[in-house]
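Notes to accompany the following structure.
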Amino acid sequence: LQKAAFAKFPDLRSFSLANVASVDTREALLKHFSSLSEDKLRAIATYLNLVPSTDKIDQENWFRFDSQFLLELLISRHERRTSQLEELNSMPLYPTEEIIWNENIVPTEYFSGEGCLALPKLNLQFLTLHDYLLRNLNLFRLESTYEIRQDIEDAISRLSPWKAEDSSAFFGGWARMAQPITNFAVVEVAKPNIGEKKPSRVRADVSVNLNVRSEIKGEWENLRKHDVCFLITVRPTLPIGTKFDARGPFLAQSGLMCVRGCEMEGMLDQNGRVIEDGPEPRPVLSGDTRTFRVMLDCNQYRLDMDNAAQGKEDVYETFNILMRRKPKENNFKAVLETIRELMNTECVVPDWLHDIILGYGDPGAAHYTEMQDEIATMDFNDTFLHMDHLRASFPEYEIKVKCDDPRKLVPPFRLTFEDVLNKHNKDKNEDGPVKKSIVVEPHIIPSRGPYLFNEPKKNAIPFTPTQVEAIRAGMQPGLTLVVGPPGTGKTDVAVQIISNLYHNFPGQRTLIVTHSNQALNQLFEKIMALDIDERHLLRLGHGEEALETEKDFSRYGRVNYVLAKRLDLLTEVQRLQESLEVSGDVAYTCETAGHFFLYQVLARWEIFLATVRPANKKVVPIKLINDEFPFHKFFDNAPKPLFKGRNYEEDMEIAEGCFRYIEKIFTQLEEFRAFELLRSGLDRSKYLLVKEAKVIAMTCTHAALKRKELVDLGFKYDNILMEESAQILEIETFIPLLLQNPEDGFSRLKRWIMIGDHHQLPPVIKNMAFQKYSNMEQSLFTRIVRLGVPTVDLDAQGRARPSICNLYNWRYKKLGNLSHVEGWPMYRVANPGFAYDFQLINVEDFNGVGESEPSPYFYQNLAEAEYCVAVFMYMRLLGYPAEKISILTTYNGQKHLIRDVINIRCASNPLIGRPHKVTTVDKYQGQQNDYILLSLVRTKAVGHLRDVRRLVVAMSRARLGLYIFARVNLFNNCFELTPAIHQLTQRPLQLTLCPGETYPTQRLNSATPPSTMAVQDMAQMATYVYDYYITKVHAMKTAFYDAQKVWTKPATHRVVQPKRNIPAHPGADLDTDSEEEEERAKESEMETD
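Quick note: the sequence shown uses my numbering, first residue 15, plus one each step.
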């Protein structure tokens, strides 16, 4: 346009010579062109071919020549358009009331599947990484918005806002997660950064009156930095006393006018300063009023101020409710910021992974057999228990042993795969089958010292061939997918892969990512049992508190461990100094210890070596090693004798082991030297994260929350292992790949191991439209499996009885049983009191009522709840431990009903108590118990159990006993569930008991019970349990009163002469403290008489 103006329209010279940036907006173009005549505008438009020339008027008639049209045509054609990325960067991340309750943007919970929605979809393939991130950003934002809507509606309906006489808001209710605001003030609006229009920072103070129970007050006071809260304005229209109708329109009843998000900076103390999080105890504040400093969204603040400047209401003067959310569900802002940040940077994923993530190319291209850097020789460490185990693990390979002495064929083994060597060395033109053979070379781990605790920890699990293949694939570079059905040892495989990577590649760092803190803690507890130095372990995130260990593996816990370990090692250096009779304070710091090692310890060791290994290779007597060894005094506390004196090699290995022990002390002190130089806990924890730790564990949510911090620190890693991959959202699986900056434009990631089971439940997406229509519940693991990427399918389960496993093993390609589930006594013995180890029990209506729905989607079934609790009480009366029984159901409503029934019937009864857990099938995924009672609730429609993945989870939680309560004729007609229901209906549909048995029993599971009793319905079971309970209590009372001895006067007891020799010493073995043993001795004496 400027060229045309310069060439043809001299009166627009000022426009044609202007800077492009000064004339690219609509306002600037209007300023230059609005004063032009209609003819001039038409001439410019014709010259630019925006409208036809005058000679073509007869041929075309679609255009207009009025100045308004021509001006709009020129401006809309040449104004600078905001890029998609600029729009995203200027977009507020918190949803407002305009989005939250807009049904076109965020549909209601129920989506029938009919019709089309204006929503992005997650398909199998994506155009670019930008397209992939954009779709995930939009969907994640909308799903978060839907969850926020539910929380706001719940909190405000509990507060019951009513219109007071003075038209102000009066709150007739009470909410745990929301409090009325007593005062709100914006305290800082910082100037915009250069090139930006939004303020760089907006902060406000919010005051609330916490006149609530102490535990709830504590929850508010413990709001962490960066926790998201919501500022809400309500102007209720309902008069005082009006009840909220849960099914009615929410906005009309509540009078909600405005919602704005904010981020917590901290609570203010009495001096108006933010109380910082840290190891120091928080100050105790008087009174109930608490003031929080919050950070507002700068983009949203700018939009609101622009609206206020145009005469609209200033929303920041109207807020009257502050709402918080549960921490687990409140990470959306950090994840959205991370996705937006990724879109603003160049995402570098490894070349071998790029096309697979986008869904293109050869699905098997990232498999280790296709990788250029496939490793031929690897140390499998303690993976194999013995040589026979190794042979059984590679049935298709010829095993060649590189050892003459059979006695030395003990683990650890170093394996060389000759087919891989041949692949590397093979001539390109040479074709033909590659012979599959493995060269096995046992090797001895060098002695680490003379003490028993120096012995390395060893694996004791006999891995199956498929588990060994998964371990091998995980050790190789590339992408490894492990499909692990229930009970197939996914965690054991993951832990062994981590251990083998740690020992094979000591310079590499491994990142462990899981979906939940519980899974991460299970994994971490098993890692601690292996031969990994605990100074190299680090657990990030807040779930560390639940680790069942006395040791603290958090960042600050590890720093404290390092500092304590440093003091222990310096004490050892002090002891070594004294043993060598060296003067000076050498154990003061790591640096002085290093000098001591170099000039005193190493020098003595080299003199010793020169004596016992002379340069002329002269044979020296064995005794010389013992005589010349310089550290005898230091190892005085080691098992004696230190040197066995049997042969030269053995004694030399002991001497070298002792020196390795000493050398390790100084190696560790050299590593810990940085902790002396760094003074603050924060700096030390950062150094630990970036340099010291070799195995770093976190949840996928923590990875998304802390990505920016980790990248800024220079965090590096070479391998990623993901557990529960099928339960992690697409984007939360992708983010951990990008927690480090690329090196020279390339990612240093070498391995990505994903372990999961796509036949179990997917990530939780609450909104049906996003779940089904947008396919948001599809995990990256599931998508890659659907694309045809090769997987290792674990094929032997060791959790459940084979009969119970048959209820779900049809869902997998090949799922067999490990030998112990058929041979161990606990699996061979029957369930006491029950005729069958699993049973489907038909539950008919009780008092004409089956399922009920007191509120939307809150399904309950009283008959099934009472039946479940009656069976639980029956099991407890027989002697079953309560911690071995869990009650599961498929609906939250039923879960609450069963908990209520337990509280009424048996929770406070010492004979019965509560089961280990009462929860939903979805929440119980990843856990198991010996006995499961399962309520399926529905009697009118199958509901969401029609999803076979939920059925697989439900059937696979039990080890020894599974009892399902359901309306049989309903589920019998469900095609998707046929394979499992068919097996269940082969057995009687009435609960079959074995009266007279107690826990534990000797009856085998395969044996026919001597007598059985079929329970007709829930009422009969409840009556039977009540009668049994009364009988048992009566028997206990009788036994108690019969055991009471008649009171006798003192000194009336006759002295009994012992009939056997009683030793004089009270600790002699002939005497006993056991009352039962003493009674048996007396009986045997009476029989002798």
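The C-beta atom is built at its ideal place from N, Cα and C for all residues, glycine as well.
Secondary structure note for G521: it is in no beta strand (DSSP E), with a DSSP letter that is neither H nor E.
For M309, the pairing in a beta bridge is given by DSSP as R217, E277. Taking the CA atoms as reference points, K205 sits about 12 Å from R316.
DSSP places Y977 in the uninterrupted beta strand (DSSP E) bounded by 972 to 980. DSSP lists L1007 as the bridge partner or partners of M1027. As computed with DSSP, L947 is found in a beta bridge with I901, Y977.
If you draw a straight line from the Cα of W234 to the Cα of V982, it comes to about 48 Å. By alpha-carbon distance to K347, the top candidate from L821, N875, Y108 is Y108. Uninterrupted alpha helix (DSSP H) stretches at least 4 residues long and entirely within the stretch 541 to 628 occur at 569 to 594, 604 to 610, 616 to 626, given in chain order. Judged by beta-carbon spacing, F648 lies within the 8 Å limit of R589, meaning their Cβ atoms are closer than that value. Note that the stretch 988 to 1007 touches the stretch 843 to 862; at least 3 beta-carbon pairs, one per stretch, sit closer than 8 Å. Secondary structure of D396 (DSSP, three-state): coil. The DSSP assignment places complete alpha helix (DSSP H) segments of no fewer than 4 residues inside the stretch 623 to 657 at 637 to 642, in order along the chain. Contact between the stretch 903 to 914 and the stretch 939 to 946 is not established, with fewer than three Cβ pairs separated by less than 8 Å. Between the C-alpha atoms of F680 and R687 there is a straight-line separation of about 10 Å. With a beta-carbon spacing of about 20 Å, T397 and V497 fall beyond the 8 Å limit used to define contacts.
Contact check for E384 against G378 passes: the beta carbons are separated by less than 8 Å. The C-beta separation of A1036 from S949 comes to about 15 Å, leaving the pair out of contact by the 8 Å criterion. The beta carbons of L794 and T524 sit no closer together than 8 Å. Listed as beta-bridge partners of L429 by DSSP are M392, V454. Looking at A487, P756, D771, the one whose alpha-carbon comes closest to that of A740 is D771. Boundaries of the beta strand (DSSP E) around V242: 242 to 248. In this structure, DSSP gives G187 a state outside helix and strand, which the three-state scheme calls coil. Burial state of D665 is buried, judged by a 10 Å Cβ sphere holding 16 or more other Cβ atoms.
Taking a cut-off of 8 Å on C-beta distances, the stretch 452 to 472 touches the stretch 413 to 423, as three or more cross pairs fall below it. Counting the other Cβ atoms within 10 Å of the Cβ of E157 gives 16 or more, which makes it buried. Cβ-Cβ distances below 8 Å link T480 to V806, D807, L808, D809, A810 in the same chain, with the five nearest sequence neighbours on each side left out; the list follows chain order. Just so you know, the alpha carbons of A968 and D241 end up roughly 35 Å apart. When rounded, the separation of the alpha-carbon atoms in L466 and N651 is 11 Å. At the C-beta level, L350 and R155 come within 8 Å of one another. In the DSSP assignment, D807 forms a beta bridge with V497. Approximately 6 Å separates the beta-carbon atoms of I195 and I335; this is inside 8 Å, confirming the contact. Contact check for W176 and P253: beta-carbon distance about 6 Å, within the 8 Å limit, so the pair qualifies.
Short of 8 Å from the beta carbon of D219, and not among the five residues preceding or following it, lie these beta carbons of its own chain, in chain order: N197, F198, A199, V201, L282, T305, F306, R307, V308. No Cβ-Cβ contact shorter than 8 Å links P804 with V527. Residues K212, P213, V216 of the same chain have their beta carbon placed closer than 6 Å to that of C312, with the five preceding and five following residues left out of the count.
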